[in-house]
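J.:
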DNA sequence: TAGGGGACTCTAACAGCGTTAGACTCTGCC
DNA sequence: GGCAGAGTCTAACGCTGTTAGAGTCCCCTA
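Chains as they are written, first to last, in the UniProt record's numbering: chain A, 1 to 226; chain B, 1 to 226.
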């Protein structure tokens, strides 16, 4: 177009984007696992070594994938009711992590801000919403910590359950019951029989209970924190 | 000693124990990583292939390692004040997970009850303590879920922080601040400057705040759950 | 005391992994 | 036309979990 200016590094940048999106796509298909460099390269119609021209190493790719997931999380608006905004964000974050089950194990990657713009934007919006809702800096830090801990931890447990459907649950719980010594773990047995094996049970429903409990506590403590 | 009876499979069983304890030891030394089969075998003075005579595959070893960690967690007594018992258990569990940072990423292993006796005993004791403290089955399930989610999630975040000492924290936070566009993430910047960089700050201290908030909420909801 | 059998360990190899060196090709600019 | 360099390739390195099959050692029985 113009006479000079940027020497058109377009293809590179496009290739990065495409590679990351393809990697996320493959990871989603695989479930918990992340694609290998050779596998990702093949899907992109390229050899594995070529990827190293666009990414210093695999960790950079993982960083980028995680940031794509964070980009899918609903940002809390600055001016909304903090409680409703936090509940919406929590649900949205939980959904994103369930949609991309491989992401939660990759949290330790995020180091360099270049590859984590969406993550930083997300954190900034959460803190801003809490501050606007009347939390002090200390209070916002407390709230952020307890909410994120709960969301991560719940999703981690949910994803590590060895079943997805309630039919599978019945199978697993049933055979577990059979293998268990009858009276060695009575409370555990009771919980499985009287709760997990009840029709209609789904662990996911538990998420809202804990979330509301925490939001209640935050509401109560909000003005007590310096 | 006696004429017949058990044909002395002692060496096998001892070898299993030793192998698992050695594996935990090596993982602790390495931090987040788990030893390779060859590495573990070498430390045991043996070739890698020999391990497969004692363990069907590596997953079985990981199961056993996780169960050893669960065995270190303080069991809540049946008759104690549920709130104090739950707080002690939470702290003990958090400590164990920090002591063995590799364990938290291995939660998805636990499937077969043979290799998870300590885990089952732990769960059973927690439920029993809550039941004795006046929680219904439903209530105990809620309490268990929110507490464990919080403990796992908090520890997961704590371990994924890219620093350990507060000196490292200053380095990381400082260079992060420099790389950040000055006014793109104002709330995030404020929190780093006014909180994380304050002398004496340590994220670990945050654990008790959220834990108390949750215990408060449980106390409040305890009799409302069917 | 000789011998059978099983528990245990070894060597060797397989396919896959992330990563690198170095040669090649292809495209845009002077 | 020729240079520069971005992008890709082939080939290889050392690592991983796992298996087949042969070899060794020790205990129990005859």
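Note that beta-carbon positions come from the ideal geometry of N, C-alpha and C, so glycine has one too.
Within the 7 Å Cβ cut-off, does residue 107 (chain A) reach chain B?
T.: Using a CB distance cut-off of 7 Å, residue 107 (chain A) counts as an interface residue toward chain B.
J.: Take residue 124 (chain B) as the anchor and find which of B:164, B:115 and B:140 has the nearest alpha-carbon.
T.: B:140
J.: Take residue 183 (chain A) as the anchor and find which of B:74, B:120 and B:202 has the nearest alpha-carbon.
T.: B:120
J.: Suppose you measure from the CA of residue 153 (chain A) to the CA of residue 34 (chain B); what does that come to, to the nearest Å?
T.: About 21 Å.
J.: Which residue spans inside the stretch 103–146 of chain B form an unbroken beta strand (DSSP E) run of at least 3?
T.: Counting only runs of 3 or more, we get nothing.
J.: Against chain A, with Cβ distances strictly below 7 Å, would residue 191 (chain B) count as a contact?
T.: yes
J.: Nearer than 6 Å: is that true of the beta carbon of residue 49 (chain B) relative to any heavy atom of the ligand NAD?
T.: As presented, the structure is devoid of all ligands, the ligand NAD included, so that no description of it is given.
J.: Do the CB positions of residue 31 (chain A) and residue 82 (chain A) come within less than 7 Å of each other?
T.: Taking 7 Å as the Cβ cut-off, residue 31 (chain A) and residue 82 (chain A) do not qualify as a contacting pair.
J.: Considering only the alpha carbon of each residue, which of B:151, B:59, B:100 and B:47 lies closest to residue 208 (chain B)?
T.: Closest by alpha carbon: B:151.
J.: Please return the same chain residues whose Cβ sits closer than 7 Å to the Cβ of residue 224 (chain B), not counting the five positions on each side in sequence.
T.: none
J.: Report all residues from its chain with a CB closer than 7 Å to the CB of residue 197 (chain B); omit the five preceding and five following residues, and keep chain order.
T.: 170 and 173, listed in sequence order.
J.: Is there a Cβ of chain A sitting closer than 7 Å to that of residue 70 (chain B), yes or no?
T.: no
J.: Could you say which of A:137, A:20, A:43 and A:27 lies nearest to residue 101 (chain A) if we only look at CA atoms?
T.: Out of A:137, A:20, A:43 and A:27, A:27 has the C-alpha closest to the C-alpha of residue 101 (chain A).
J.: With DSSP as the reference, label residue 100 (chain B) as helix, strand or coil.
T.: coil
J.: Once DSSP output is grouped into helix, strand and coil, what is the label at residue 28 (chain A)?
T.: helix
J.: By the DSSP assignment, the alpha helix (DSSP H) with residue 168 (chain A) in it spans what residues?
T.: Run containing residue 168 (chain A): 166–179, per the alpha helix (DSSP H) assignment.
J.: Could you run through the stretch 54–68 of chain B and flag, in chain order, every residue whose CB is less than 9 Å away from some CB of chain A?
T.: Result list empty, no residue passes.
J.: Verify the CB distance criterion: does residue 152 (chain A) have a CB-CB separation below 7 Å to chain B?
T.: Yes - at least one Cβ of chain B is within 7 Å of the one on residue 152 (chain A).
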